[in-house]
Each structure stands twice: as C-alpha cells, then as structure tokens.
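*Asks:* Can you keep this structure in mind? I'll have questions shortly.
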Amino acid sequence: MKILNAMPPYNLFGLEEQDYKTAKVVVVPVPYDSTSSYKVGSREGPRAIIEASRSMELYSEEFDEVISDKVGIFTTEELAPDLNSPEGMVNRIAKEVGLILDDKKLPLLLGGEHTIAVGAVKAVAKRAKEFSVLHIDAHADSYDEFMSTRYSHACVMARIREMCKSCFSIGVRSINHDSADRYEKQILYMKDMRKMETDEVVKTILKNCKSENIYITLDLDALDPSEMPSTGTPEPGGMHYDELKDVLKGVLEKKRLIAMDVNELSPIPGIVAPNYLVAKLLYSAIGYAFLKRKA
Numbered sequence: 000m001k002i003l004n005a006m007p008p009y010n011l012f013g014l015e016e017q018d019y020k021t022a023k024v025v026v027v028p029v030p031y032d033s034t035s036s037y038k039v040g041s042r043e044g045p046r047a048i049i050e051a052s053r054s055m056e057l058y059s060e061e062f063d064e065v066i067s068d069k070v071g072i073f074t075t076e077e078l079a080p081d082l083n084s085p086e087g088m089v090n091r092i093a094k095e096v097g098l099i100l101d102d103k104k105l106p107l108l109l110g111g112e113h114t115i116a117v118g119a120v121k122a123v124a125k126r127a128k129e130f131s132v133l134h135i136d137a138h139a140d141s142y143d144e145f146m147s148t149r150y151s152h153a154c155v156m157a158r159i160r161e162m163c164k165s166c167f168s169i170g171v172r173s174i175n176h177d178s179a180d181r182y183e184k185q186i187l188y189m190k191d192m193r194k195m196e197t198d199e200v201v202k203t204i205l206k207n208c209k210s211e212n213i214y215i216t217l218d219l220d221a222l223d224p225s226e227m228p229s230t231g232t233p234e235p236g237g238m239h240y241d242e243l244k245d246v247l248k249g250v251l252e253k254k255r256l257i258a259m260d261v262n263e264l265s266p267i268p269g270i271v272a273p274n275y276l277v278a279k280l281l282y283s284a285i286g287y288a289f290l291k292r293k294a
C-alpha cells in the first residue's frame, strides 16, 4: 500500500524516482566521527543534510532547469562505520567508492568527519592516471599523526598528498608552524583571499590544480561561523556562501569533477539554516558539474 499524501522520499533532494543504472551522481551518506578531537556530532551530518534537502524547491533559476531531472541522482543507504580502527574505516570507504567509480558514476560523499575523504581519494587514486585535489577548509589538516593515529581528521591532507601530487588548499586560517613551512606553496590562506576577487581565486586554483580531473573535498568550517556555526571546530573569518558558490562555479566550468565529499556538518538542534545551506550548495555544485548555466 502506498500512502496518498506521503512526505518526500528519504534521499538527497527527496526525489520521487531513483535509478542507479541511469544515475550520474551516487550519494553516499557516511555517518562517522570517531576521530573528532573537539566537538563530536558530525555523524549526524548526513541525515541533517538529507532532511533539509527534502524541503527544497528543485527548480534552479540559475539554470532554468530542474537539475535533478537532467542529472540522475541516486542516494545509497548509510555506510556503516568501522569501529575497529580509523584505517579500517578508510579502507571500507575506498571499497564502496571504488564500486561506484567502476560503474562510471560520480561519488558524492556526505560526512561525517573529514577522514572520509582519505578513503574516497584512495579509490580515485587506484583508478585515475591524473587528478588534482582541491581542499577547501579552515584547517590545513596536515599533521602526519594526531592523537596516536595517522588516519585522523587532522591528518587528511598528509595522507592525500601521499596519493596525489597535485593538491591545493584554500580558505585556511588555522595551521601549525611545520605545515606552514612545508606546504607554503600549496595553500591559499583566507587572509590573502580577502584581498582577491573571485576570478583571481579561481585562476589561482586552476594554476595549481593542473589536471583536467578534479576531486573536491569541502570541510564546511571553511565557511564563516556566522553562516556555518554547525561544525566541530569553527574558525572566525571564513568564506561566505556566495563566495564559495562562485568559486565552485568557476572551477567546475573548467575542470571535470570526478568525485566530491562534503564533511564536518555537526547539526545544532533547532538551527536548521546551516543544514539547508549545504543541501542548496550541493545541488548547485551538481549543476555546475553537469549542466550549462542559463545565459
């Protein structure tokens, strides 16, 4: 029996029809935050994003299209955490993402903590001859080891650089001294971004992300806490929604997106605007990756 007046289905954007075979984008919710070192809660992020997305209007005035009608989107069930070890969870993610890549689809991971990116990049690196990683984050995440593990949220870019030689970080405003020295040429700090127009930021990214193929890992604390308070380690002085959206637009007009993750949404009870922001941002990003904008 089907209820006549049912709420939208429980998937990203509340889509009435889902078909894995025809989908171009496969969404994987990953409710994992076992290495969080300050405030936990990002394991609730995937559900919060999905819940918010079910209340969105799916027509985009920017594209003059219902993006989800033009780009097939399929949401999987939540990926069960591996609680034996962070490395075990990375390998679990890599296996699942690999299956999606082998089916010639674009994986979109909803975190969960930032560690999820390591597993996804591991799967990409096994299959792609050349790709670049664009890292959008308030933090450099470049510790070799943190709290007795090399697979912490604070070690994400250290592990990713071992798999990809073309990495570039933007929005950073929290970094340790060693990482600042070592990765100086691979980071565009927020202090410098404030002096630049968006097209300058995009040109800098394109110059440093040399491959046509790009993986985007987005830690939501890249955004200013005034718009994104719902993170485990908020840093003042961040990007704003429209700035981030314009950066994604500029990059994805020139690059081929092969996979993406969004992470570190730690929902605050009763405050849903940040959850909705993420859903809207992802919907636009899918449009930028697959469709031409309305002139």
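One point on numbering: in numbering that gives the first Met the number 0, the residue at position 128 of the sequence shown is 127, and numbering is uninterrupted.
For every residue, glycine included, the Cβ atom is placed at its ideal position computed from N, Cα and C.
Note that the structure is a prediction, hence the values are computed from the model and not measured.
Between the segment 131-138 and the segment 151-166, do at least 3 Cβ pairs fall closer than 8 Å?
*Replies:* The answer is yes - the segment 151-166 touches the segment 131-138, with three or more Cβ pairs under 8 Å.
*Asks:* Relative to the ligand ADP, is the shortest distance from any of its heavy atoms to the C-beta of D218 smaller than 8 Å?
*Replies:* The ligand ADP is absent from the structure shown, which contains no ligands of any kind.
*Asks:* What residues are listed by DSSP as bridge partners for C166?
*Replies:* The residue you call residue 166 lines up with position 167 of the sequence shown. Partner(s): V132.
*Asks:* If we ignore side chains and look at the alpha-carbon of each, how far apart do E199 and E211 end up?
*Replies:* Position 200 of the sequence shown, counting from 1, holds the residue named residue 199. Position 212 of the sequence shown, counting from 1, holds the residue named residue 211. Answer to the nearest angstrom: the Cα atoms are 19 Å apart.
*Asks:* Apart from the five residues just before and just after P8, which ones in its own chain have a Cβ nearer than 7 Å to its Cβ?
*Replies:* Within the sequence shown, the letter at position 9 stands for residue 8. So the qualifying residues of the chain are L14, E15.
*Asks:* Is the number of C-beta pairs between the segment 170-179 and the segment 82-95 that are closer than 8 Å three or more?
*Replies:* Contact between the segment 170-179 and the segment 82-95 is absent, because fewer than three Cβ pairs lie under 8 Å.
*Asks:* Our contact map puts T114 next to V89 with C-beta atoms below 8 Å; I'd like the distance itself, whole angstroms only.
*Replies:* In the sequence shown, counting from the first residue as 1, residue 114 sits at position 115. In the sequence shown, counting from the first residue as 1, residue 89 sits at position 90. Rounded, the Cβ-Cβ distance is 7 Å, consistent with contact.
*Asks:* When the Cα of K121 is compared with those of V29, V155, N274, K20, which residue comes out closest?
*Replies:* Position 122 of the sequence shown, counting from 1, holds the residue named residue 121. Minimum Cα distance to K121 is reached at V155.
*Asks:* If you follow the alpha helix (DSSP H) that I215 is in, where does it begin and where does it stop?
*Replies:* Position 216 of the sequence shown, counted from the first residue, corresponds to residue 215. Note, I215: premise wrong, no alpha helix (DSSP H); beta strand (DSSP E) at 212-218.
*Asks:* Which residue spans inside the segment 35-96 form an unbroken beta strand (DSSP E) run of at least 3?
*Replies:* Runs of the beta strand (DSSP E) inside the segment 35-96: 72-74.
*Asks:* Spell out the partners DSSP gives L109 in its beta bridges.
*Replies:* Position 110 of the sequence shown, counting from 1, holds the residue named residue 109. L109 is bridged to P28, V261.
*Asks:* Counting only the same chain and skipping the five closest in sequence on each side, list residues whose C-beta sits under 8 Å from that of L290.
*Replies:* Within the sequence shown, numbered from 1, the residue matching residue 290 stands at position 291. For L290, where only same-chain residues beyond five positions count, the Cβ hits under 8 Å are F62, E64, I66, K69, V70.
*Asks:* Looking at R160 and S141, is the spacing between their C-beta atoms short of 9 Å?
*Replies:* Taking the first residue of the sequence shown as 1, we reach residue 141 at position 142. Taking the first residue of the sequence shown as 1, we reach residue 160 at position 161. Yes, the pair counts as a contact, with Cβ atoms nearer than the cut-off.
*Asks:* Mind checking whether P266 and A116 have CB atoms under 9 Å apart?
*Replies:* Taking the first residue of the sequence shown as 1, we reach residue 266 at position 267. Taking the first residue of the sequence shown as 1, we reach residue 116 at position 117. No, these two residues do not count as a Cβ contact at 9 Å.
*Asks:* Whole angstroms are fine: how far does the CA of M227 sit from the CA of S147?
*Replies:* In the sequence shown, the residue the question calls residue 147 occupies position 148. In the sequence shown, the residue the question calls residue 227 occupies position 228. One C-alpha to the other measures close to 29 Å.
*Asks:* Does D136 pass the burial test, meaning 16 or more other C-beta atoms within 10 Å, or should it be called exposed?
*Replies:* Taking the first residue of the sequence shown as 1, we reach residue 136 at position 137. So D136 ends up on the buried side.
*Asks:* Can you tell me where the beta strand (DSSP E) with Y188 in it begins and where it stops?
*Replies:* Against the sequence shown, residue 188 aligns to sequence position 189. Its beta strand (DSSP E) spans residues 186-188.
*Asks:* From this set, T197, V271, L78, F73, which residue's C-alpha is nearest L105's C-alpha?
*Replies:* Along the sequence shown, read from residue 1 onward, the residue named residue 105 stands at position 106. Looking at the Cα atoms, F73 is the closest of the given residues.
*Asks:* Locate the alpha helix (DSSP H) running through Y287, then write down its first and last residues.
*Replies:* For the purposes of this step, residue 287 is taken as residue 288 along the sequence shown, with counting starting at 1. From DSSP, the alpha helix (DSSP H) with Y287 extends over 272-289.
*Asks:* If you drop the 5 nearest sequence neighbours on each side, which residues of the same chain put their C-beta closer than 8 Å to that of A22?
*Replies:* Indexing the sequence shown from 1 puts residue 22 at position 23. Same-chain partners within the cutoff: G71, I72, F73, K104.
*Asks:* Check for me: the alpha helix (DSSP H) holding H176 runs from which residue to which?
*Replies:* Position 177 of the sequence shown holds residue 176. H176 -> alpha helix (DSSP H) spans 176-181.
*Asks:* Please return the same chain residues whose Cβ sits closer than 8 Å to the Cβ of R181, not counting the five positions on each side in sequence.
*Replies:* Counted from its first residue, the sequence shown places residue 181 at position 182. Excluding residues within five positions, the ones whose Cβ falls inside 8 Å are S141.
*Asks:* For R255, name the three-state secondary structure that DSSP assigns.
*Replies:* Here the question's residue 255 lines up with position 256 in the sequence shown. In this structure, R255 counts as strand in the three-state DSSP scheme.
*Asks:* Grab the span of the alpha helix (DSSP H) containing D198 for me, first residue to last.
*Replies:* The sequence position of residue 198 within the sequence shown is 199, counting from 1. Here the alpha helix (DSSP H) through D198 covers 197-207.
*Asks:* What residue range does the alpha helix (DSSP H) around G118 cover?
*Replies:* Position 119 of the sequence shown, counting from 1, holds the residue named residue 118. Note, G118: alpha helix (DSSP H), 115-126.
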